[in-house]
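Peer 1: Below is a structure I'd like to ask you about.
In mature numbering (1 follows the signal peptide of the UniProt record, and there is no 0), the protein residues as written are -20 to -1, 1 to 323.
If you want it as C-alpha coordinates, here you go:
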(Lines of atoms letter the chains of each structure in order from A and count residues from 1; the text may use other names and numbers.)
(Lines give C-alpha, C1' and ligand atoms only; values in the text may rest on other atoms or scores of the structure.)
Protein backbone atom coordinates (compact mmCIF):
# COMPACT_ATOMS: atom_id res chain seq x y z
CA UNK A 1 0.00 0.00 0.00
CA UNK A 2 1.38 3.40 -0.95
CA UNK A 3 2.30 6.16 1.49
CA UNK A 4 -0.51 8.38 0.23
CA UNK A 5 -3.17 5.73 0.86
CA UNK A 6 -1.87 5.08 4.40
CA UNK A 7 -1.96 8.79 5.20
CA UNK A 8 -5.51 9.08 3.90
CA UNK A 9 -6.76 6.14 5.95
CA UNK A 10 -5.03 7.51 9.09
CA UNK A 11 -6.64 10.91 8.61
CA UNK A 12 -10.13 9.49 8.11
CA UNK A 13 -9.79 7.16 11.12
CA UNK A 14 -8.61 9.93 13.42
CA UNK A 15 -11.37 12.29 12.29
CA UNK A 16 -14.01 9.63 12.85
CA UNK A 17 -12.61 9.00 16.38
CA UNK A 18 -12.70 12.73 17.24
CA UNK A 19 -16.25 13.07 16.00
CA UNK A 20 -17.29 10.06 18.03
CA UNK A 21 -15.82 11.08 21.37
CA UNK A 22 -16.82 14.72 21.15
CA UNK A 23 -20.51 14.19 20.75
CA UNK A 24 -22.08 15.20 24.01
CA UNK A 25 -25.51 14.31 25.31
CA UNK A 26 -28.00 16.94 24.41
CA UNK A 27 -26.31 17.78 21.06
CA UNK A 28 -28.45 17.73 18.04
CA UNK A 29 -26.14 15.15 16.45
CA UNK A 30 -27.87 11.85 15.76
CA UNK A 31 -26.58 8.50 14.58
CA UNK A 32 -28.41 6.47 11.92
CA UNK A 33 -27.36 2.92 11.19
CA UNK A 34 -27.74 1.55 7.68
CA UNK A 35 -26.56 -2.00 7.68
CA UNK A 36 -23.00 -2.10 9.09
CA UNK A 37 -21.97 1.52 8.37
CA UNK A 38 -23.06 4.34 10.73
CA UNK A 39 -24.28 7.68 9.44
CA UNK A 40 -23.61 10.52 11.90
CA UNK A 41 -24.99 14.05 11.58
CA UNK A 42 -24.03 17.08 13.69
CA UNK A 43 -25.40 20.54 14.19
CA UNK A 44 -23.42 23.67 13.36
CA UNK A 45 -22.77 24.39 17.06
CA UNK A 46 -21.27 20.93 17.61
CA UNK A 47 -18.93 21.31 14.64
CA UNK A 48 -17.81 24.76 15.80
CA UNK A 49 -16.80 23.27 19.18
CA UNK A 50 -14.58 20.75 17.38
CA UNK A 51 -12.47 23.45 15.71
CA UNK A 52 -10.05 24.06 18.65
CA UNK A 53 -9.54 20.32 19.14
CA UNK A 54 -8.04 19.88 15.69
CA UNK A 55 -5.20 22.35 16.11
CA UNK A 56 -2.82 19.75 17.49
CA UNK A 57 -3.33 17.23 14.69
CA UNK A 58 -1.48 17.15 11.36
CA UNK A 59 -4.40 17.10 8.97
CA UNK A 60 -2.23 17.24 5.84
CA UNK A 61 -0.74 14.00 4.53
CA UNK A 62 3.07 13.69 4.45
CA UNK A 63 4.72 15.16 1.37
CA UNK A 64 5.55 12.87 -1.56
CA UNK A 65 9.22 12.87 -2.69
CA UNK A 66 9.91 14.47 -6.04
CA UNK A 67 11.40 11.29 -7.49
CA UNK A 68 8.08 9.51 -6.91
CA UNK A 69 5.86 12.16 -8.44
CA UNK A 70 6.92 11.32 -11.97
CA UNK A 71 5.78 7.73 -11.45
CA UNK A 72 2.26 8.76 -10.50
CA UNK A 73 1.52 11.81 -12.65
CA UNK A 74 1.48 11.00 -16.36
CA UNK A 75 0.66 13.46 -19.11
CA UNK A 76 -1.39 12.16 -22.02
CA UNK A 77 -0.32 12.90 -25.56
CA UNK A 78 -3.88 13.10 -26.88
CA UNK A 79 -7.41 13.14 -25.61
CA UNK A 80 -8.36 9.95 -23.83
CA UNK A 81 -10.67 7.64 -25.73
CA UNK A 82 -9.86 9.01 -29.19
CA UNK A 83 -7.65 6.89 -31.42
CA UNK A 84 -5.30 8.69 -33.78
CA UNK A 85 -3.85 7.92 -37.20
CA UNK A 86 -4.71 8.54 -40.82
CA UNK A 87 -7.02 5.52 -41.06
CA UNK A 88 -9.11 6.63 -38.10
CA UNK A 89 -9.26 10.19 -39.37
CA UNK A 90 -10.48 8.93 -42.74
CA UNK A 91 -13.25 6.90 -41.10
CA UNK A 92 -14.38 9.92 -39.07
CA UNK A 93 -14.44 12.09 -42.18
CA UNK A 94 -17.86 12.82 -43.68
CA UNK A 95 -18.29 14.46 -47.07
CA UNK A 96 -21.67 15.78 -45.97
CA UNK A 97 -19.94 18.39 -43.81
CA UNK A 98 -18.01 20.57 -46.24
CA UNK A 99 -16.08 22.16 -43.37
CA UNK A 100 -14.31 18.83 -42.79
CA UNK A 101 -13.37 17.96 -46.36
CA UNK A 102 -9.80 16.69 -46.86
CA UNK A 103 -7.10 18.89 -48.32
CA UNK A 104 -6.52 16.28 -51.05
CA UNK A 105 -9.03 13.68 -52.28
CA UNK A 106 -8.90 10.09 -51.12
CA UNK A 107 -8.47 7.68 -54.04
CA UNK A 108 -9.34 4.03 -54.58
CA UNK A 109 -7.09 2.67 -57.34
CA UNK A 110 -7.56 -0.76 -58.89
CA UNK A 111 -7.11 -2.88 -61.99
CA UNK A 112 -10.69 -3.91 -62.73
CA UNK A 113 -10.23 -6.23 -65.75
CA UNK A 114 -13.82 -5.70 -66.93
CA UNK A 115 -15.79 -3.32 -64.77
CA UNK A 116 -19.18 -4.57 -66.01
CA UNK A 117 -19.31 -7.66 -63.82
CA UNK A 118 -18.05 -5.75 -60.76
CA UNK A 119 -20.68 -3.02 -60.59
CA UNK A 120 -22.82 -4.97 -58.10
CA UNK A 121 -19.82 -5.51 -55.84
CA UNK A 122 -18.88 -1.83 -56.01
CA UNK A 123 -22.49 -0.91 -55.22
CA UNK A 124 -22.42 -3.17 -52.15
CA UNK A 125 -19.11 -1.68 -51.00
CA UNK A 126 -20.46 1.86 -51.26
CA UNK A 127 -23.60 0.87 -49.33
CA UNK A 128 -21.95 -1.07 -46.50
CA UNK A 129 -18.48 0.46 -46.07
CA UNK A 130 -18.25 4.05 -44.89
CA UNK A 131 -14.66 4.59 -46.08
CA UNK A 132 -15.62 3.55 -49.63
CA UNK A 133 -18.74 5.70 -49.56
CA UNK A 134 -16.65 8.74 -48.55
CA UNK A 135 -13.90 8.06 -51.09
CA UNK A 136 -13.51 11.06 -53.37
CA UNK A 137 -12.19 9.28 -56.49
CA UNK A 138 -12.61 5.74 -57.82
CA UNK A 139 -10.01 5.04 -60.49
CA UNK A 140 -9.96 1.82 -62.52
CA UNK A 141 -7.71 0.60 -65.30
CA UNK A 142 -8.53 -2.11 -67.83
CA UNK A 143 -12.22 -1.25 -67.76
CA UNK A 144 -12.84 -3.29 -70.96
CA UNK A 145 -15.67 -0.98 -72.01
CA UNK A 146 -16.78 -0.23 -75.53
CA UNK A 147 -19.15 2.09 -77.33
CA UNK A 148 -22.04 -0.32 -76.75
CA UNK A 149 -21.87 0.23 -72.96
CA UNK A 150 -24.21 3.01 -71.90
CA UNK A 151 -23.34 5.41 -69.08
CA UNK A 152 -26.74 4.79 -67.44
CA UNK A 153 -25.75 1.16 -66.88
CA UNK A 154 -22.43 2.12 -65.25
CA UNK A 155 -23.70 4.56 -62.62
CA UNK A 156 -22.77 4.15 -58.95
CA UNK A 157 -24.76 5.61 -56.01
CA UNK A 158 -23.34 8.90 -54.77
CA UNK A 159 -20.94 9.29 -57.71
CA UNK A 160 -21.24 11.19 -60.94
CA UNK A 161 -21.24 9.85 -64.46
CA UNK A 162 -18.13 7.78 -65.25
CA UNK A 163 -15.29 9.62 -66.95
CA UNK A 164 -14.01 6.97 -69.34
CA UNK A 165 -11.65 6.40 -72.22
CA UNK A 166 -12.41 3.22 -74.14
CA UNK A 167 -9.86 1.46 -76.29
CA UNK A 168 -10.06 2.44 -79.97
CA UNK A 169 -9.98 -0.77 -81.96
CA UNK A 170 -9.01 1.01 -85.15
CA UNK A 171 -5.94 2.68 -83.58
CA UNK A 172 -4.67 -0.11 -81.33
CA UNK A 173 -5.69 -3.02 -83.60
CA UNK A 174 -6.94 -4.91 -80.50
CA UNK A 175 -10.44 -6.28 -80.15
CA UNK A 176 -10.85 -6.19 -76.36
CA UNK A 177 -9.20 -5.09 -73.13
CA UNK A 178 -7.67 -1.79 -72.07
CA UNK A 179 -9.51 1.38 -71.25
CA UNK A 180 -9.58 3.57 -68.12
CA UNK A 181 -12.49 4.82 -66.04
CA UNK A 182 -12.86 7.33 -63.19
CA UNK A 183 -15.74 8.17 -60.82
CA UNK A 184 -15.90 11.43 -58.82
CA UNK A 185 -17.93 11.68 -55.63
CA UNK A 186 -20.74 14.22 -56.00
CA UNK A 187 -20.27 15.45 -52.43
CA UNK A 188 -16.62 16.24 -53.09
CA UNK A 189 -16.58 17.91 -56.49
CA UNK A 190 -18.93 18.78 -59.34
CA UNK A 191 -16.66 21.05 -61.41
CA UNK A 192 -14.81 18.62 -63.69
CA UNK A 193 -13.02 19.36 -66.97
CA UNK A 194 -11.53 16.69 -69.25
CA UNK A 195 -8.13 17.98 -70.39
CA UNK A 196 -6.62 15.14 -72.44
CA UNK A 197 -7.86 11.96 -74.15
CA UNK A 198 -5.12 9.93 -75.82
CA UNK A 199 -5.35 6.40 -77.19
CA UNK A 200 -2.34 4.93 -79.01
CA UNK A 201 -0.92 1.40 -79.36
CA UNK A 202 1.46 2.22 -76.49
CA UNK A 203 -0.68 4.08 -73.98
CA UNK A 204 -4.25 4.98 -73.04
CA UNK A 205 -4.45 8.23 -71.11
CA UNK A 206 -7.25 10.30 -69.58
CA UNK A 207 -6.45 13.62 -67.88
CA UNK A 208 -9.00 15.64 -65.87
CA UNK A 209 -8.96 18.74 -63.68
CA UNK A 210 -11.04 19.14 -60.53
CA UNK A 211 -12.19 22.19 -58.63
CA UNK A 212 -13.70 20.71 -55.44
CA UNK A 213 -15.90 22.46 -52.92
CA UNK A 214 -12.89 22.95 -50.65
CA UNK A 215 -9.25 23.48 -51.58
CA UNK A 216 -6.34 24.89 -49.57
CA UNK A 217 -5.59 28.45 -50.52
CA UNK A 218 -2.25 27.46 -52.10
CA UNK A 219 -4.04 25.35 -54.76
CA UNK A 220 -6.20 26.63 -57.61
CA UNK A 221 -7.24 23.22 -58.98
CA UNK A 222 -6.15 19.58 -59.09
CA UNK A 223 -4.97 17.56 -62.10
CA UNK A 224 -5.33 13.77 -62.29
CA UNK A 225 -4.03 11.68 -65.18
CA UNK A 226 -5.17 8.05 -65.40
CA UNK A 227 -2.84 5.81 -67.44
CA UNK A 228 -2.87 2.27 -68.75
CA UNK A 229 0.21 0.96 -70.56
CA UNK A 230 0.07 -2.38 -72.35
CA UNK A 231 2.65 -5.00 -71.23
CA UNK A 232 4.10 -5.14 -74.78
CA UNK A 233 4.03 -1.38 -75.36
CA UNK A 234 7.07 0.78 -76.04
CA UNK A 235 7.94 2.12 -72.58
CA UNK A 236 10.11 4.98 -73.88
CA UNK A 237 7.38 6.28 -76.16
CA UNK A 238 4.76 6.02 -73.40
CA UNK A 239 6.96 7.86 -70.89
CA UNK A 240 7.68 10.64 -73.37
CA UNK A 241 3.97 11.07 -74.10
CA UNK A 242 3.20 11.35 -70.37
CA UNK A 243 5.96 13.94 -70.07
CA UNK A 244 4.43 15.98 -72.90
CA UNK A 245 0.99 15.89 -71.27
CA UNK A 246 2.48 17.00 -67.97
CA UNK A 247 4.16 19.99 -69.62
CA UNK A 248 0.87 21.01 -71.24
CA UNK A 249 -0.85 20.87 -67.84
CA UNK A 250 1.94 23.03 -66.41
CA UNK A 251 1.14 25.74 -68.91
CA UNK A 252 -2.50 25.74 -67.78
CA UNK A 253 -1.75 26.10 -64.04
CA UNK A 254 1.88 25.75 -62.92
CA UNK A 255 1.17 25.72 -59.16
CA UNK A 256 -1.64 23.17 -59.22
CA UNK A 257 -0.81 19.67 -57.86
CA UNK A 258 -0.57 17.00 -60.55
CA UNK A 259 -0.99 13.27 -60.03
CA UNK A 260 -0.37 10.46 -62.52
CA UNK A 261 -1.76 7.07 -61.53
CA UNK A 262 -2.70 3.80 -63.14
CA UNK A 263 -1.24 0.54 -64.42
CA UNK A 264 2.28 1.22 -65.75
CA UNK A 265 3.47 -2.39 -66.16
CA UNK A 266 7.14 -2.19 -67.25
CA UNK A 267 7.16 1.60 -67.80
CA UNK A 268 8.94 3.73 -65.20
CA UNK A 269 8.82 7.52 -64.86
CA UNK A 270 11.65 8.04 -62.37
CA UNK A 271 13.99 9.28 -65.09
CA UNK A 272 11.36 11.19 -67.07
CA UNK A 273 9.67 12.99 -64.16
CA UNK A 274 12.49 13.42 -61.66
CA UNK A 275 10.64 15.97 -59.51
CA UNK A 276 7.65 13.67 -58.96
CA UNK A 277 7.31 11.31 -56.00
CA UNK A 278 5.94 7.76 -56.17
CA UNK A 279 3.58 7.05 -53.25
CA UNK A 280 2.77 3.33 -53.56
CA UNK A 281 5.42 1.06 -52.06
CA UNK A 282 3.46 -2.16 -51.38
CA UNK A 283 3.06 -4.95 -53.94
CA UNK A 284 -0.10 -4.91 -56.04
CA UNK A 285 0.05 -8.32 -57.77
CA UNK A 286 0.26 -11.96 -56.70
CA UNK A 287 3.82 -12.06 -58.09
CA UNK A 288 4.95 -9.54 -55.46
CA UNK A 289 5.44 -6.79 -58.03
CA UNK A 290 4.21 -3.20 -57.99
CA UNK A 291 2.52 -2.33 -61.26
CA UNK A 292 -0.19 0.10 -60.06
CA UNK A 293 1.63 3.32 -59.27
CA UNK A 294 0.81 6.89 -58.35
CA UNK A 295 3.18 9.78 -59.05
CA UNK A 296 2.60 13.27 -57.70
CA UNK A 297 4.18 16.70 -57.63
CA UNK A 298 3.71 17.02 -53.84
CA UNK A 299 6.11 15.35 -51.45
CA UNK A 300 4.42 13.13 -48.86
CA UNK A 301 0.91 13.84 -50.13
CA UNK A 302 -0.46 10.30 -49.75
CA UNK A 303 -0.02 7.21 -47.62
CA UNK A 304 1.61 4.24 -49.40
CA UNK A 305 -1.53 2.15 -49.96
CA UNK A 306 -3.52 1.35 -53.07
CA UNK A 307 -6.45 2.96 -51.26
CA UNK A 308 -4.71 6.33 -51.28
CA UNK A 309 -5.34 8.14 -48.00
CA UNK A 310 -4.52 11.87 -47.97
CA UNK A 311 -2.18 13.10 -45.27
CA UNK A 312 -1.27 16.51 -46.72
CA UNK A 313 -1.49 19.40 -44.23
CA UNK A 314 -2.39 22.84 -45.66
CA UNK A 315 0.14 25.63 -45.34
CA UNK A 316 -1.95 27.78 -42.99
CA UNK A 317 -2.14 24.88 -40.50
CA UNK A 318 1.64 24.41 -40.58
CA UNK A 319 2.48 28.07 -39.95
CA UNK A 320 3.01 29.22 -36.35
CA UNK A 321 0.20 31.20 -34.83
CA UNK A 322 0.55 34.96 -34.67
CA UNK A 323 -1.29 37.39 -32.41
CA UNK A 324 -2.04 40.73 -34.05
CA UNK A 325 -3.53 43.78 -32.35
CA UNK A 326 -6.12 45.74 -34.29
CA UNK A 327 -7.16 49.22 -33.25
CA UNK A 328 -10.93 49.68 -33.34
CA UNK A 329 -12.42 53.13 -33.83
CA UNK A 330 -15.52 54.11 -31.92
CA UNK A 331 -18.53 55.65 -33.58
CA UNK A 332 -17.71 59.09 -32.18
CA UNK A 333 -14.15 58.98 -33.55
CA UNK A 334 -15.41 57.88 -36.96
CA UNK A 335 -17.93 60.73 -37.03
CA UNK A 336 -15.25 63.24 -36.02
CA UNK A 337 -12.91 61.95 -38.72
CA UNK A 338 -15.60 62.20 -41.37
CA UNK A 339 -16.31 65.77 -40.26
CA UNK A 340 -12.63 66.64 -40.75
CA UNK A 341 -12.72 65.41 -44.35
CA UNK A 342 -15.94 67.30 -45.06
CA UNK A 343 -14.29 70.55 -43.96
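Positions of the beta carbon are idealized from the N, C-alpha and C atoms, including for glycine.
Measure the Cβ-Cβ separation of residue 294 and residue 86 and say whether it is below 8 angstroms.
Peer 2: To locate residue 294, count along the chain shown from 1; it is residue 314. To locate residue 86, count along the chain shown from 1; it is residue 106. No, the Cβ-Cβ distance between residue 294 and residue 86 is not below 8 angstroms.
Peer 1: Decide if residue 227 is buried, meaning its Cβ has at least 16 other Cβ atoms within 10 Å, or exposed.
Peer 2: The residue labelled residue 227 in the question sits at position 247 within the chain shown. Exposed, by the Cβ-count rule.
Peer 1: Classify residue 139 as helix, strand or coil using the three-state DSSP reduction.
Peer 2: If you number the chain shown from 1, residue 139 lands on position 159. Here residue 139 sits in strand by DSSP.
Peer 1: Taking 8 angstroms as the CB-CB cut-off, is residue 166 touching chain B?
Peer 2: Any reference to chain B falls outside this structure, which holds one protein chain only.
Peer 1: Helix, strand or coil: which one does DSSP assign to residue 306?
Peer 2: Walking along the chain shown from the start, residue 306 turns up at place 326. Three-state DSSP puts residue 306 in coil, outside helix and strand.
Peer 1: Going straight from the alpha carbon of residue 275 to that of residue 125, what length do you get?
Peer 2: Within the chain shown, the letter at position 295 stands for residue 275. Within the chain shown, the letter at position 145 stands for residue 125. Using only the alpha carbons, I get a separation of about 25 angstroms.
Peer 1: Which runs of the beta strand (DSSP E) at least 3 residues long sit entirely within the stretch 119 to 179? Give them in chain order.
Peer 2: Whole beta strand (DSSP E) segments, 3+ residues: 143 to 145, 160 to 164 and 171 to 179.
Peer 1: Could you please give the first and the last residue of the uninterrupted alpha helix (DSSP H) stretch that includes residue 191?
Peer 2: Residue numbering aside, residue 191 sits at position 211 when the chain shown is read from its first letter. Looking at the DSSP string, residue 191 is not in any alpha helix (DSSP H); the run it does join, the beta strand (DSSP E), is 183 to 191.
Peer 1: Tell me the DSSP bridge mates of residue 329?
Peer 2: Given a span of -20 to 323 for the chain in the structure shown, any question on residue 329 remains unanswerable.
Peer 1: For my contact list, residue 221 and residue 178 are in at a C-beta cut-off of 8 angstroms; report their separation, rounded to the angstrom.
Peer 2: In the chain shown, residue 221 corresponds to position 241, counting from 1. In the chain shown, residue 178 corresponds to position 198, counting from 1. Contact flag correct, Cβ pair sits at about 7 angstroms.
Peer 1: Hey, residue 238 and residue 277: beta-carbon distance below 8 angstroms or not?
Peer 2: Indexing the chain shown from 1 puts residue 238 at position 258. Indexing the chain shown from 1 puts residue 277 at position 297. Yes; because the gap between Cβ atoms is below 8 angstroms, this pair is in contact.
Peer 1: With a cut-off of 8 angstroms on the beta carbons, I'd call residue 164 and residue 172 a contact; round off their distance for me.
Peer 2: As a working note, residue 164 is residue 184 in the chain shown. As a working note, residue 172 is residue 192 in the chain shown. Contact flag correct, Cβ pair sits at about 6 angstroms.
Peer 1: Kindly indicate which residue of 110, 176, 153 and 98 has the alpha-carbon position closest to the one of residue 134.
Peer 2: By one-based count along the chain shown, residue 134 stands at place 154. The shortest C-alpha separation from residue 134 is found at 98.
Peer 1: Would you mind giving the Cβ-Cβ distance between residue 190 and residue 201, rounded to the nearest angstrom? I have them listed as a contact below 8 angstroms.
Peer 2: Counting from one through the chain shown, the residue named residue 190 turns up at place 210. Counting from one through the chain shown, the residue named residue 201 turns up at place 221. Correct: roughly 6 angstroms between the Cβ atoms.
Peer 1: Can you check DSSP and say which residues form a bridge with residue 258?
Peer 2: The count along the chain shown starts at 1 and reaches residue 258 at position 278. In the DSSP output, where bridge partners are listed per residue, residue 258 has 275.
Peer 1: Identify which residue in 207, 255, 198 and 321 has its Cα closest to the Cα of residue 298.
Peer 2: Here residue 298 corresponds to residue number 318 of the chain shown, with the count starting at 1. The shortest Cα separation from residue 298 among 207, 255, 198 and 321 belongs to 198.
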